[in-house]
Amino acid sequence: MTVPRSSAPAPSRPRPWAATLLAVPREILALLRPSPQIAFALRVLLAVTIAIYTAYWLELDTPSSAGTTAVIVAGASRGGIISKSLWRLFGTLVGAVAAVALIAGLVQSPVLFIVGVAAWIGVCTFTGSLLRYNRSYAAVLAGYTVAFVAFGALDDPERVFDLATGRAAVVAIGIMSTALVFLITDIGPGEHTLEARVAGLIISLAKLLQTGLRSGDRDAVLVAARDIATTLTALDESVEFSAVEDAGFARYKADLRLAVAEAWAALVGAQHMAVLIRRLAAEEAGADAVLMRALDRIAAMLPGEHASGARDVVRGAIAELRRRSAACGDLKLLAAFCQATTLLTQLDGALAGLEALQDGVRRAVPMRLISYANPVTAWRNGVRAFLAVCIAGVFWIVSQWPTGGSALLVLAPVCALLSQTDSAAHGSIDFLKGIALAMVAAFGCTYGVLPAMTGFPLLMVGFLPFIFAGVLLSQRPGYTFVGLGYMVFFITAVAPGNPIHYDLAASLNTYFAYLFGAAVAALVFRILIPPNPLAEARVLLHSVRNAIQRLAGRRAPPHVLVWEHVQHQKLLRLGRRLAPFPELRLRAAGAVSAAIIAGRHLAAIRHAGQDASLPASVRAAALRVAAGFRRLLAAPEQAAAIARAQAEALLQPEAPHAVRQVAATMYDLAELVSAHRGFFARGVEIPDEAA
26 MTVPRSSAPA PSRPRPWAAT LLAVPREILA LLRPSPQIAF ALRVLLAVTI AIYTAYWLEL
86 DTPSSAGTTA VIVAGASRGG IISKSLWRLF GTLVGAVAAV ALIAGLVQSP VLFIVGVAAW
146 IGVCTFTGSL LRYNRSYAAV LAGYTVAFVA FGALDDPERV FDLATGRAAV VAIGIMSTAL
206 VFLITDIGPG EHTLEARVAG LIISLAKLLQ TGLRSGDRDA VLVAARDIAT TLTALDESVE
266 FSAVEDAGFA RYKADLRLAV AEAWAALVGA QHMAVLIRRL AAEEAGADAV LMRALDRIAA
326 MLPGEHASGA RDVVRGAIAE LRRRSAACGD LKLLAAFCQA TTLLTQLDGA LAGLEALQDG
386 VRRAVPMRLI SYANPVTAWR NGVRAFLAVC IAGVFWIVSQ WPTGGSALLV LAPVCALLSQ
446 TDSAAHGSID FLKGIALAMV AAFGCTYGVL PAMTGFPLLM VGFLPFIFAG VLLSQRPGYT
506 FVGLGYMVFF ITAVAPGNPI HYDLAASLNT YFAYLFGAAV AALVFRILIP PNPLAEARVL
566 LHSVRNAIQR LAGRRAPPHV LVWEHVQHQK LLRLGRRLAP FPELRLRAAG AVSAAIIAGR
626 HLAAIRHAGQ DASLPASVRA AALRVAAGFR RLLAAPEQAA AIARAQAEAL LQPEAPHAVR
686 QVAATMYDLA ELVSAHRGFF ARGVEIPDEA A
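Each residue of the sequence shown is one higher than the one before, starting from 26 at the first, in our numbering.
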C-alpha cells in the first residue's frame, strides 16, 4: 500500500554543525532560567544591595533603612513600583513634618507625646483604610514615619530635623534603587498584555453566562462568579498602575475602568437573567437562542482577535430582541426581553473598551467611577492603632524600660500596614509570626554569620540569603504578611552599620521589644477589639438597602453605572466578610445582587422622569413610582404595588419602544421587590455568631 505523498514523513536531514552548537547553550539556558518567583527575588536582592551600598557611601545614619524601603517598594509591575515609590516619598515627607511638629510641641510631656503620636498614627490608619491602592500606602507611611523620626529624637530633640531629613534620604535611595533595578529588568505589562487580559475576562464572563443561563441554576451562577469577581478586581488594579507607568496608556484608563464596570454589571445581572431566560425559552420561540448566539460568539473569540466582529454580532442580537419585543403585550415577557437587551448592552460596553484599546482611539467617557470606602471598618482600624500605641507607650513610661521605644517602632508600621488588609486581625497574627521568625534569623545572622565577614561584598554574601528566603516566603499564598514582617524587621534588627557593633545584651533586649510590640498589636486587633465580620456584613447590607432608597430621593439621580459600581464593591467586600460562612454568603450575595438590579431599574425610572423626550404621562408615572420608593424599607410591598400599577397603565398596544421599556422596567422592579421583600424590610438575617 502506497502512502500518500502529503502524509509521508519528511526525510530527516542532519542539523548543520553550527546550528547544533548554538542550540546546546540555548537549551542549557532554558533549563537554568529561573522561575518568576526566583527572578523577582533576585531583583529584590539587587535593589537591596544597591540601596544599602549607596547609603553606606553617603555615610547616612541608618543605611539599612534604604534596604527596607527597597524591599517594601518592590512590586510585580513597573507601574506599581512607580506609583508606590511616589506615594511612599510623599507619605514620608508628610510624616517627617508631623514628627518635627510633635517633638516641638509635646516632647516635654511624655504622656501627651505618646497620646499625640498614637492619635496621628490612628488618623493615618483610618485614612489608609478609606483610600485605595498606593494612596492608602501614602497614608500608612505618613503614620509610621512619625515613630521612626520622633522616637529617635527623644534623647536629643534638637536632632529631630536631621533625623527627618535623614529618613527622607534613605527612603529616596531605596526608591531610586528599586526603580532602577525593576525598570531596567522588567519590560512591564504593555498594552498587548492588558488587551489579552481584558479579552480573556470578557470571554470568561461570556462562558459563565452560557453555562448559567443554559442550566438556569442561580446558585451555580453565583458560585462561578467568584473567580471572575477576583479577576475583575485585579484587572482594575493593573489598569491603575499601567496608567502610572505609561502616560500614553493613561488615555485609555477611563475606557478600561468603564469596561470593567460594565463587566461587573453583567456579572451581577447573570443570576436574575437565569430566571428570565426561561420565560423567553417557554413563551417566545427562538428569542433565547438570539441571546445565546451572541454569548457563543463572544466566548469563541480567538487570542488577539479584534473586538469589532463580536460587537457586530452582539449589536445585531440587541436589534433582533428589540424587534421581537415590539409586539409583546405581556409585561412578564417584555421584562425578560428588556433584561436580555440590557445584558447584551453591558457586554457590548465591555467590548467597546477592549476595541478602544485595540484601535488606539479613546472613547468619550462621560462619567467618573467612584471608589467605595467603608467608614465603619476604617474607624475600627484607627481606634485599634491608637489604642495599641497608647498601651505600649504607657507601659514604656511606667516601666522605664530603656528599649521600650523599640516596641513602638514595630507597632506603628504594623498597625498602619494592617489597615490595607481585608482581615486586619488575621494579619496581626501573621505579622507576629513573621517578626518572631525575623528575630531568630537576625540573631543567627548577626552572631553566627557576620562576624566572619569583612568588607561590603562579604557582608552581602552573609546578609542577602536571609532576605532571599523572606521574599520567597512573601510570594506564597497566605504568607504575604508573614514574609513582609520577616523581611522588614530582619533588616531592622540586624541593621548592619559601618562598623558593626556587637552587643548581645542590647540585641536581645531589642528583639524582645520588637516581639512585645507585635504581641500588643495582636492583642488589640484580636482580643480587645476583635474581628466581627458578621457585624461588618450587616453594615454592608444596610448600606446597600439605604443606597437603593436614596435613589428615590428628590436630588438628581447619579448615572446608573456610577451608582452600580459602588454597590459592586460592597458586594465584593460582603463576600469576603462572609467567606467563613458559605451558606450565609450565598444567600446574602443572591439578595444583594437582586437589590442592585432593583436599584438599576429605579435609577433608570428616575432618569425617565426627567427625560423631556418622553410623554408627560410617562414622566408623571415615573415620579409616582419614585415617590412610592421613598418608603421602600418601611413598606416594600406598597412600593412594589405602585410600580406594578404604573407599569400596567403605561403598556398600551401602540406605545412606542421607549415607553414600553419604561413599563417593563417598572414591572421587573416590582417583581424583584416582591420576591425579596424580606431583604428590603429587614435585610438578610445574620446571627450574632455563626457555626
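By construction, the Cβ of each residue, glycine as well, lies at the ideal position given by its N, Cα and C atoms.
Would you mind reading off the limits of the alpha helix (DSSP H) that contains asparagine 406? As a working note, residue 406 is residue 381 in the sequence shown. Its alpha helix (DSSP H) spans residues 400 to 424.
Beta carbon of alanine 441, beta carbon of glycine 153: below 8 Å? In the sequence shown, counting from the first residue as 1, residue 441 sits at position 416. In the sequence shown, counting from the first residue as 1, residue 153 sits at position 128. Contact flag set, yes.
Residue closest to leucine 627, alpha-carbon to alpha-carbon, out of Pro182, Arg655, Ile516: Stepping through the sequence shown from its first residue, residue 627 is reached at position 602. Of the candidates Pro182, Arg655, Ile516, the one whose C-alpha sits nearest the C-alpha of leucine 627 is Arg655.
Tyrosine 472 - containing alpha helix (DSSP H), residue span: Taking the first residue of the sequence shown as 1, we reach residue 472 at position 447. It is not in any alpha helix (DSSP H) - tyrosine 472 carries neither H nor E in the DSSP assignment.
Rounded C-alpha distance that separates tryptophan 289 from histidine 593: Counting from one through the sequence shown, the residue named residue 289 turns up at place 264. Counting from one through the sequence shown, the residue named residue 593 turns up at place 568. Each residue's alpha carbon lies about 7 Å from the other.
Given this structure, state the Cα-to-Cα distance separating proline 476 from cysteine 470, to the nearest angstrom. Taking the first residue of the sequence shown as position 1, residue 476 is located at position 451. Taking the first residue of the sequence shown as position 1, residue 470 is located at position 445. Those two C-alpha atoms are separated by around 9 Å.
Taking the alpha helix (DSSP H) that isoleucine 552 falls in, what are its first and last residues? On the sequence shown, residue 552 is found 527 positions in, with the first residue counted as 1. Neither: isoleucine 552 is in no alpha helix (DSSP H) and is coded neither H nor E.
CA nearest to the CA of leucine 166, picked from Ser618, Val709, Leu443: Along the sequence shown, one-based indexing puts residue 166 at 141. The residue with the shortest Cα to Cα distance from leucine 166 is Leu443.
So, at 7 Å on beta carbons, what are the nonlocal neighbours of arginine 160 in its own chain, with the 5 sequence-adjacent residues on each side left out? By 1-based counting over the sequence shown, the position of residue 160 is 135. Here arginine 160 has Trp112 as same chain residues with Cβ atoms under 7 Å from its own Cβ, once five neighbours each way along the sequence are excluded.
Is the beta carbon of valine 564 closer than 8 Å to that of valine 408? Working through the sequence shown from its first residue, we reach residue 408 at position 383. Working through the sequence shown from its first residue, we reach residue 564 at position 539. Not in contact: valine 408 and valine 564 (Cβ atoms no closer than 8 Å).
Contact belief for methionine 664 with methionine 691 at Cβ below 8 Å, rounded distance in angstroms: Here residue 664 is taken as the residue at index 639 of the sequence shown, counted from 1. Here residue 691 is taken as the residue at index 666 of the sequence shown, counted from 1. Correcting the residue type first, residue 664 is alanine in the shown sequence and not methionine. Not confirmed; about 11 Å, so no contact.
Of all the alpha helix (DSSP H) runs that stay within the bounds of the stretch 162 to 245, which reach a length of 4 or more residues? Taking only runs of at least 4 residues, the alpha helix (DSSP H) segments lying wholly in the stretch 162 to 245 are 185 to 210, 215 to 240.
I'd like to check one pair, alanine 518 with tyrosine 504: are the Cβ atoms closer than 8 Å? Counting from one through the sequence shown, the residue named residue 504 turns up at place 479. Counting from one through the sequence shown, the residue named residue 518 turns up at place 493. No, Cβ-Cβ distance for tyrosine 504 and alanine 518 is not below 8 Å.
Which of the three DSSP states, helix, strand or coil, is assigned to glycine 487? To locate residue 487, count along the sequence shown from 1; it is residue 462. Looking at glycine 487 - three-state DSSP - the assignment turns out to be helix.
Once the 5 residues before and after phenylalanine 186 are set aside, which same chain residues still bring their CB inside 8 Å of it? In the sequence shown, the residue the question calls residue 186 occupies position 161. Only Val125 meet the Cβ criterion.
Roughly how many angstroms lie between the CA atoms of glycine 459 and arginine 601, to the nearest whole one? Along the sequence shown, one-based indexing puts residue 459 at 434. Along the sequence shown, one-based indexing puts residue 601 at 576. Each residue's Cα considered, the two are about 24 Å apart.
Report back the beta-carbon spacing between glutamate 309 and arginine 348 to the nearest angstrom; my notes put them in contact at under 8 Å. One-based indexing of the sequence shown puts residue 309 at position 284. One-based indexing of the sequence shown puts residue 348 at position 323. The beta-carbon separation of glutamate 309 and arginine 348, rounded to 12 Å, does not stay under the 8 Å limit for a contact.
Since I believe alanine 629 is in contact with valine 698 (beta carbons under 8 Å), could you give me their beta-carbon distance rounded to a whole number of angstroms? On the sequence shown, position 673 is the one that residue 698 refers to. On the sequence shown, position 604 is the one that residue 629 refers to. Contact between valine 698 and alanine 629 does not hold, since their C-beta atoms are separated by about 15 Å, which reaches or exceeds 8 Å.
Residues near alanine 706 by beta carbon distance below 6 Å, same chain, minus five either side: On the sequence shown, position 681 is the one that residue 706 refers to. In the same chain as alanine 706, and ignoring 5 residues on each side of it, the C-beta atoms closer than 6 Å to its own belong to Pro661, in chain order.
Please check the pair alanine 123 and valine 171, which I expect to be a contact at CB under 8 Å, by giving their CB distance rounded to whole angstroms. Counting from one through the sequence shown, the residue named residue 123 turns up at place 98. Counting from one through the sequence shown, the residue named residue 171 turns up at place 146. About 5 Å separates the beta carbons of alanine 123 and valine 171, which is inside the 8 Å limit, making them a contact pair.
Grab the span of the alpha helix (DSSP H) containing aspartate 337 for me, first residue to last. Sequence index remark: in the sequence shown, residue 337 carries index 312 (1-based). Element bounds for aspartate 337: 333 to 350.
Ignore the nearest five residues each way along the sequence and tell me which others in leucine 553's own chain have a CB closer than 6 Å to its CB. Here residue 553 is taken as the residue at index 528 of the sequence shown, counted from 1. Here the set comprises nothing.
Distance, phenylalanine 173 Cα to aspartate 528 Cα: For this step, residue 528 is matched to residue 503 along the sequence shown. For this step, residue 173 is matched to residue 148 along the sequence shown. Those two C-alpha atoms are separated by around 22 Å.
Taking 6 Å as the limit between beta carbons, can you name the residues of its chain near proline 558, skipping five residues before and five after? For the purposes of this step, residue 558 is taken as the residue at position 533 of the sequence shown. Scanning its chain for C-beta atoms nearer than 6 Å, with the 5 sequence neighbours on each side dropped, one finds around proline 558 the residues Arg602, in chain order.
Would you call leucine 56 buried or exposed, if buried means 16 or more other Cβ atoms sit within 10 Å of its Cβ? Your numbering for residue 56 matches position 31 in the sequence shown. For leucine 56, the pLDDT reaches just 48, beneath the cut-off of 50, and the residue's location in the model is therefore unreliable, although a value from the coordinates is still provided. Counting every other CB atom within 10 Å of its CB across the protein chains shown gives leucine 56 a total below 16, marking it as exposed.
Alpha helix (DSSP H) segments (min. 4 residues) lying fully within the stretch 513 to 586: Listed in chain order, they are 529 to 548, 558 to 576.
Residue from Met298, Ala461, Ser448 with nearest C-alpha to lysine 357: To locate residue 357, count along the sequence shown from 1; it is residue 332. Comparing Cα positions, the closest option is Met298.
Three-way DSSP call (helix, strand, coil) for isoleucine 395 in this model: Within the sequence shown, residue 395 is the residue found at index 370, counting from 1. Coil.
Can the beta-carbon of asparagine 571 be found closer than 8 Å to that of threonine 428? Looking up residue 571 in the sequence shown gives position 546. Looking up residue 428 in the sequence shown gives position 403. Going by C-beta atoms, asparagine 571 is not nearer than 8 Å to threonine 428.
So, helix, strand or coil for glycine 429, using DSSP? Taking the sequence shown and counting its residues from 1, one reaches residue 429 at position 404. Correct three-state label for glycine 429: coil.
Identify which residue in Ala683, Glu589, Gln371 has its Cα closest to the Cα of alanine 620. Within the sequence shown, the letter at position 595 stands for residue 620. Looking at the Cα atoms, Glu589 is the closest of the given residues.
Euclidean distance between Cα positions of leucine 283 and valine 709: Working through the sequence shown from its first residue, we reach residue 283 at position 258. Working through the sequence shown from its first residue, we reach residue 709 at position 684. C-alpha separation (whole angstroms): 30 Å.
Local conformation of threonine 366 per DSSP, three classes: Indexing the sequence shown from 1 puts residue 366 at position 341. Correct three-state label for threonine 366: helix.
Apart from the five residues on each side of it in sequence, which residues of its chain come closer than 6 Å, Cβ to Cβ, to phenylalanine 704? For the purposes of this step, residue 704 is identified with residue 679 of the sequence shown, where counting begins at 1. Answer for phenylalanine 704: Ala616, listed in chain order.
Backbone secondary structure at alanine 284 - three-state DSSP: The residue labelled residue 284 in the question sits at position 259 within the sequence shown. Three-state result, alanine 284: helix.
Can you give me the Cβ contacts of leucine 509 inside the same chain, cut-off strictly under 7 Å, excluding the 5 residues immediately before and after it? The residue you call residue 509 lines up with position 484 of the sequence shown. Within the same chain, leucine 509 has close Cβ partners Gly459, Ser499.
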